[in-house]
Every structure is written in structure tokens, then in C-alpha cells.
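Structure first, then comments.
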Amino acid sequence: MLICTCILVTDFVGACSMTSEGDCPIELWVRAGCDGVRLGGCPLCHQVFMTLLIKGQDHRISFKVKTTNPYKAQPEFRALGFRHVPAFVHDDVLIDQPDEILEYIDKILPVPDLQYHNSEADSAVKDLFSKFCFYIKSLSKDPAHLEAGLRKLDEFLEKNNTTYLCGPNVTHLDCQILPKLHQMRIVLKYIKNYEMPSSLRSLWKYLEAGYNIEAFRLSCPCDEEIILHWVDRPEVPNVSSSEYKRLSRGTTTYSFHLSA
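Numbered by mature numbering (1 follows the signal peptide of the UniProt record, and there is no 0), the letters in the sequence shown go through residues -15 to -1, 1 to 245 in order.
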């Protein structure tokens, strides 16, 4: 079980107590969904939030995760001088660059160690998300390049036969790739009616392992927000006003279960 249990009200509140004198609460700002409260579909925000939750398992910390639309931000967000999400606050430290946030989290919460050194794993996922973007934006009509990238990842996972990309434990690379892979699954099905091939068994096994990570699930936006994140882009096919309303105001779903 995670030490940090998060409940969505006007923000996420980590239900953790402070143990070290002088510790200051951490705030993580992430993109808000269409209602201004629920988690938006930003994969970078998902990555950083997931990382913070994983780190929280071995530290008794106090933190809040707040949602905002950076283009219509609350006065509190603007007063901090932020322009982007994710954005991070710890005492007088203010950061709104994802790589710098992750580096700082590693510094103040060194355990568990999520660092990795695996060039083969880096190569296996290289350009996969960009191939997805090209296909989903109809810059590429044929999914062949995307499928080649998926097969490359599947072959790597099959060859190494590990739960995660770099071994039996989660690393920063998993925190980066799993949110993107989940978004690919949801958006490809909705926009292109395309499903990642069932023959890619090692890839699906890896995705299932990601769904079994509590930190992944707690930090994951709903399917509807993931879809809205992409259909709001000018390069992606639009949806009807009635469908947009359904996605914005209807029941939320979380596709964490895979077919047998």
C-alpha cells in the first residue's frame, strides 16, 4: 500500500504526516481537466505525479497535488510565476520544467532509486511516441511505422523477460513510457479505431504490470480526459459538440483492465 493516499476535492492531498523538523509541504501543480478540478490528460503531469507517489512510499511527507489550466490559471498559480505544468513548489524552490522537477525529487527523496543506465531500453522506446503522434494527427495514414515501433518494444521486452523495462523494479523510464503507452492505447482506439496487435504479448504484459502499480492508477487521468487532451489539438480530427459534451460531462471511465 502507498503511504500517500490522494483524494480529489479541489486538489489532491497526500495524507501523510511530517517526521523531520523544518520539512515543508510539497505542492505539485498538474493540468486540470475540462471541469477545472479533475486530472487533465497531460502525460508529463501523469509521469511526474506517478514519480512523486512512488517516492512517497519510502518517505513520510506532506504534499498536495493541485489542478489548474495554465491558460486560465488561478491567482495562486500566477502569483508563483509559473507558466507551464507540471509545476513544483517546495519551500522557496519553484520549478516548472519536468526534467528539473524529476531531478529535484530525486535529490530530496532519494529512495527508492529510480535511476537507470540501460541504452538498449532507451533505444527500444525511442521515437515510439512521435510515431504515434504522426499517425494520430493523420500526418501518416498508414500505421506501419507505428506498428514497427510497437514490435521493436515488444521484442525487447520478450528478449529481456523482465517485469519492467530495466529489470524487476520501476525506473524513471517506466514512469515516462507507461503513461504514454496508456494514452496511445486509449486514443488510437477512439480516434482511429485501431488496437495495438494482440500478438504483441510482451508489450501487453508490460502494460498490465503498469496497471498493477497503485501509483500509476492514482495519478492517471480518466479515459475521457485523455481523449479530450488529443481532440482539442488542431491537427487531430474534431468531435461533434454532442460528443464533446458527453466526454466533458458524462461518466468517467478508467481502462485499467485488459481482455483475457
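All residues carry an ideal CB built from backbone N, CA and C; glycine is no exception.
When the beta-carbon positions are compared, GLY26 and ILE211 come within less than 8 Å of each other. Residues PHE117 of the same chain have their beta carbon placed closer than 6 Å to that of MET169, with the five preceding and five following residues left out of the count. Here the C-alpha atom of THR148 lies approximately 6 Å from the C-alpha atom of TYR191. No beta strand (DSSP E) of 3 residues or more sits fully in the segment 157 to 188. Looking from the CA of VAL33, the closest CA among ILE46, HIS102, ARG16, VAL110 belongs to ARG16. In the DSSP assignment, LEU135 falls outside any beta strand (DSSP E) and lies within the alpha helix (DSSP H) extending over 129 to 145.
Under DSSP, GLY152 takes part in a beta bridge, and its partners are TYR149. Inclusion of LYS40 and GLU12 in the CB contact set at 8 Å is not warranted, their separation being larger than that value. Take the alpha-carbon of HIS31 and the one of LEU38: they are about 11 Å apart. Here the C-alpha atom of ASP208 lies approximately 28 Å from the C-alpha atom of VAL74.
DSSP places LYS51 inside the beta strand (DSSP E), whose first and last residues are 48 to 53.
Ranking ILE198, ILE86, TYR89 by CA distance to the CA of PRO164 puts ILE198 first. Going by C-alpha positions, PHE62 is about 12 Å away from ILE80.
A contact between stretches requires three or more CB pairs, one per stretch, nearer than 8 Å, and the segment 83 to 94 meets this requirement with the segment 65 to 73.
Sorting LEU94, TYR229, TYR120, SER183 by C-alpha distance to the C-alpha of GLN42 places LEU94 at the top.
Contact check for LEU135 against LEU185 passes: the beta carbons are separated by less than 8 Å. Excluding the 5 residues flanking it on each side, PHE201 has same chain C-beta neighbours closer than 7 Å at MET35, LEU163, GLY195, in chain order.
For GLU228, the closest alpha carbon among the candidates HIS167, LEU188, ILE176, SER204 is that of ILE176. DSSP places HIS75 in the strand class (E or B) of the three-state scheme. Pairwise C-beta distances place the segment 53 to 67 out of contact with the segment 100 to 116, as fewer than three of them are shorter than 8 Å. By the CB criterion at 8 Å, CYS151 and ALA109 fall outside the cutoff. When the Cα atoms are used, THR156 and GLU85 turn out to be separated by approximately 17 Å.
Annotated three-state conformation of LEU192 is helix, per DSSP. For the pair LEU124 and SER187, the CB atoms are not nearer than the 8 Å cut-off. LEU29 and PRO83 do touch by the CB rule: their CB atoms are close to 5 Å apart, below 8 Å.
The three-state reading of DSSP puts ALA58 in coil, since its state is none of H, G, I, E or B.
Between TRP189 and ILE121, the gap from beta carbon to beta carbon reaches 8 Å or more.
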